[in-house]
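Enquirer: Here it is, the structure, as structure tokens.
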Amino acid sequence: MATLNYSRIRRTGRWVDVRRRKLGMWAYALNRITGIGLVVYLYLHLGVLSMLAHGQSSWDSFTALARSPFYLALDVILLAIILIHGLNGIRVALTGFDIGVRVQKRLFVILMLIAAAALVVAAAKIFAV
Amino acid sequence: MNMLEVPLEIFRYKEGEPPHHDTFTVQVPETAHVIDAIDAVWAMHDRSLVFRRACHHSSCGSCSLRVNGVEMLPCITRVKDVWDGRAPLRLDPLRNFPVVSDLVVDLSSFFQRMSAAEMTITCDAESSLPLSVDDFAVSKIPSRAVELPVNLSRFNRFENCIECAICMSACPTMATDEKFFGPAALAAIFRARQKTDSPADVAHLLSLADGEHGVWRCHSAFECTAACPQAVDPAGKIMALRRELITRRFKKR
Amino acid sequence: MDNPFAKEPKATTAWLWQVFTGIGLVILLGMHFIANHFIARGGLRDFADVVAYLRNPIVLVLELLFLLFVTTHALLGVRAILLDLGFSGRAEKRLSRLLTGVGVLTVGYGVWLTWIIIH
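Structure follows, in structure tokens:
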């Protein structure tokens, strides 16, 4: 009997399509995407820091670039990613220990609102400097 | 009785042919369920349509499929609740299982998982008929002088789960990890664990749940609990199993 | 017939470490962020500032701890995503060893870089 099986490649990316799925699935996809983004950023950041090993002029030319508005905007996006991943991560930790499972949807909404509020405050500070 | 003209876009797969969707339009009463529309397609339009159905009241778990991409039981889902009145209703088989034909998937790996959790249904009460009069108590409420079984656990053999595999289709981990136990089987392990206090049985059940393809492969999407038509709450059971596993790990130290 | 689901080896405590480092990061990352971008003048430390900052022994310990926690958490996360693809027992062990190696190299690089900056 020849059944129809979809390839592993096609199945691997399925979690990205969160249309018509519920809030828990959105939280999972968001955490996964922000997590991947942060791993990439970690190694980028460590790479950038190597400029410190090349002395003052190398580092100072980087900090000059890092103060540009474009860079600051990227920093705000980074902060958003950190806040989403971190706060949702707390929810994943709690529910994973069987705490707050019944209210996981509400918990997600509340934590994302906190993230949004913190982001607004931080963005204001970043651009005021 | 008002009738609806419902267009359906149904997934079709026959061996040796590429999969595709066929469109049918059927007339059903406005109170009809989605399974009635599928029945109508089979009865009036295409006898080669392959699908599962039996009880029509969410007891057997046979008819599970996806309507517009979302897992549900078509026997308890009214057409009016899922159809916007214009675009065709898209029907697809469950995900994460091989498709045998059209809307039917091969659930043998699902039942292998369930049997590994050893959720066999024991009905020793039914095999010990006839019951004596002492097994029953008469209700004190005069209008309700119904005989009630005294020892309910001898008769209570039904769990919520109807083994419809909807949770397995909704779960994102099931998509890529073929060894993942899955929400239904993990919930079954929890249920089986609740029923026993024998240390050997508990150890065996918990070690099944503790595997790298057990509870730790769950990523808290909670889609299984959201999709389950019988309020089994598989995600909650998985988290409860995790709590027990963690507690035991620290107690051993 | 053998039931492939009937026998499963016990899992590691990877998830517990993931949670532990995650909670730790809420604190350590918070401190790192505040110290480097909100206390520092202009939100960024210039070269002399960085050197002075890292020469503080408490700061040094906390920053290296932060590096250890973030690398562990990140690579455990990568492992979790990859394990979803359904590795066999042996392949899973190989993956874990590979990622441990990447982690050791990452932390090693960070320690070496810090050493160079301080001296």
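Taken in sequence, the protein lines are chains A, B and C.
The letter at position 37 of the first sequence is residue 22 when you use the numbering used here, and the numbering goes up by one with no holes.
The letter at position 36 of the second sequence is residue 39 when you use the numbering used here, and the numbering goes up by one with no holes.
The letter at position 54 of the third sequence is residue 179 when you use the numbering used here, and the numbering goes up by one with no holes.
The C-beta atom is built at its ideal place from N, Cα and C for all residues, glycine as well.
Run down chain A in chain order and give the residues with a C-beta less than 9 angstroms from the C-beta of B:F225.
Expert: Here the neighbours are K7, L8, G9, M10, A12, Y13, T80, V86, Q89, K90.
Enquirer: B:D95 and B:R69 look like a contact to me (Cβ under 8 angstroms); what is the Cβ gap, rounded to whole Å?
Expert: Correct: roughly 4 angstroms between the Cβ atoms.
Enquirer: Whole angstroms are fine: how far does the CA of B:R246 sit from the CA of A:L50?
Expert: About 49 angstroms.
Enquirer: Tell me which same chain residues have a C-beta within less than 7 angstroms of the C-beta of A:A107, skipping the five on either side of it?
Expert: The residues are L64.
Enquirer: Going by the CB atoms, is the gap between A:A14 and A:W0 shorter than 7 angstroms?
Expert: Yes, they are a contact pair.
Enquirer: In the DSSP assignment, the alpha helix (DSSP H) including C:F191 goes from what residue to what residue?
Expert: Start and end: 182 to 208.
Enquirer: In angstroms with no decimal places, state the Cα-to-Cα distance between B:S142 and B:L189.
Expert: For B:S142, the predicted model reports a pLDDT of 43, less than 50, meaning its position is unreliable; a value from the coordinates is still stated below. The straight-line gap from Cα to Cα measures roughly 38 angstroms.
Enquirer: Verify the CB distance criterion: does C:W140 have a CB-CB separation below 7 angstroms to chain B?
Expert: Yes, its Cβ sits closer than 7 angstroms to a Cβ of chain B.
Enquirer: Taking DSSP as the reference, what is the three-state secondary structure of B:T26?
Expert: Of the three classes helix, strand and coil, the one that applies to B:T26 here is strand, per DSSP.
Enquirer: Buried or exposed for C:V183, going by 16 or more other Cβ atoms inside 10 Å?
Expert: At residue 183 of chain C the sequence reads Ile, which differs from the Val that was named. With fewer than 16 other Cβ atoms within 10 Å, it is exposed.
Enquirer: Name the two residues that bound the continuous beta strand (DSSP E) containing B:S172.
Expert: No beta strand (DSSP E) holds B:S172; the alpha helix (DSSP H) holding it covers 169 to 173.
Enquirer: Around the Cβ of B:E33, are there at least 16 other Cβ atoms within 10 angstroms (buried) or fewer (exposed)?
Expert: The residue is exposed, with fewer than 16 neighbouring Cβ atoms inside 10 Å.
Enquirer: Tell me the DSSP bridge mates of A:F47?
Expert: Looking at the DSSP assignment, A:F47 forms no beta bridge with any residue, so it has no partner.
Enquirer: The beta strand (DSSP E) spanning B:D95 covers which residue range?
Expert: Its beta strand (DSSP E) spans residues 92 to 95.
Enquirer: Can you tell me the Cβ-Cβ gap for C:D209 and B:T179, rounded? I've got them flagged as a contact below 8 angstroms.
Expert: Going by Cβ atoms, the distance from C:D209 to B:T179 rounds to 5 angstroms, so yes, they are a contact pair.
Enquirer: Taking the C-alpha atoms as reference points, what is the distance between C:G149 and B:V82?
Expert: So the two alpha carbons sit approximately 50 angstroms from each other.
Enquirer: Give the interface partners of B:R245 over in chain A, defined as CB-CB distance under 9 angstroms, in chain order.
Expert: Result: G81, F82, D83.
Enquirer: Between the Cα of B:A224 and those of B:M177, B:D25, B:S61, spot the shortest distance and give me the residue it belongs to.
Expert: It is B:M177 whose Cα lies nearest to the Cα of B:A224.
Enquirer: Closest by CA to B:A230, which one among B:Q115, B:K182, B:E18, B:P186?
Expert: Closest by alpha carbon: B:P186.
Enquirer: Give me the Cβ distance between A:N16 and A:V77, rounded to the nearest whole Å; I'm assuming they're in contact under 8 angstroms.
Expert: About 7 angstroms separates the two Cβ atoms, so the contact holds.
Enquirer: Between which residues of its own chain and A:D60 is the CB-CB distance below 7 angstroms, once the five residues before and five after are set aside?
Expert: Taken in chain order, the residues that qualify are I111.
Enquirer: Would you mind telling me which residues of chain A sit closer than 9 angstroms to C:F172, beta carbon to beta carbon, in chain order?
Expert: Within chain A, the residues near C:F172 are L37, G40, Q41, S42, S43, W44, D45, T48.
Enquirer: Where does A:I84 fall in DSSP's three states?
Expert: Note: A:I84 maps to coil in three-state DSSP.
Enquirer: Could you tell me whether the region 98 to 106 of chain A touches the region 15 to 35 of chain B, where touching means 3 or more Cβ pairs closer than 8 angstroms?
Expert: Taking 8 angstroms as the limit for Cβ pairs, the verdict is that the region 15 to 35 of chain B does not touch the region 98 to 106 of chain A.
Enquirer: What residues from chain C crowd round A:L68, counting only those whose CB sits closer than 7 angstroms?
Expert: Chain C residues near A:L68: none, gap ~11 angstroms exceeds 7 angstroms.
Enquirer: Please report the straight-line C-alpha distance between B:T125 and B:A195, rounded to a whole angstrom.
Expert: Reliability of the predicted coordinates at B:T125 is poor, the pLDDT of 47 falling under 50, and the value obtained from them is presented with this limitation in mind. The straight-line gap from Cα to Cα measures roughly 12 angstroms.
Enquirer: Measuring only between beta-carbons, confirm whether C:L230 sits less than 7 angstroms from chain A.
Expert: Taking Cβ atoms only, chain A never reaches closer than 7 angstroms to C:L230, which makes this a no.
Enquirer: Where B:A40 and B:V102 are concerned, what is the direct C-alpha to C-alpha distance, given to the nearest angstrom?
Expert: Cα to Cα, B:A40 sits roughly 21 angstroms from B:V102.
Enquirer: Take A:G71 as the anchor and find which of C:A139, C:Y178, C:I152 has the nearest alpha-carbon.
Expert: Closest option to A:G71, Cα to Cα, is C:I152.
Enquirer: If B:E74 sits next to B:L97, beta carbons under 8 angstroms apart, how far is it from one beta carbon to the other, in whole angstroms?
Expert: Between B:L97 and B:E74 the Cβ distance is about 7 angstroms, and since that is below 8 angstroms, they are a contact.
Enquirer: Could you confirm whether any beta carbon from chain B is found closer than 7 angstroms to the beta carbon of A:T19?
Expert: Not closer than 7 angstroms to any Cβ of chain B, the Cβ of A:T19 fails to qualify, so no.
Enquirer: I'd like the span of the beta strand (DSSP E) that includes B:P10, first residue to last.
Expert: Segment 6 to 15, the beta strand (DSSP E) holding B:P10.
Enquirer: Within a Cβ cutoff of 7 angstroms, which residues of the same chain sit near B:M4, ignoring the five residues on either side of it in sequence?
Expert: Around B:M4: P32.
Enquirer: B:E8: buried (16+ other C-beta within 10 angstroms of its C-beta) or exposed?
Expert: Per the 10 Å Cβ criterion, exposed.
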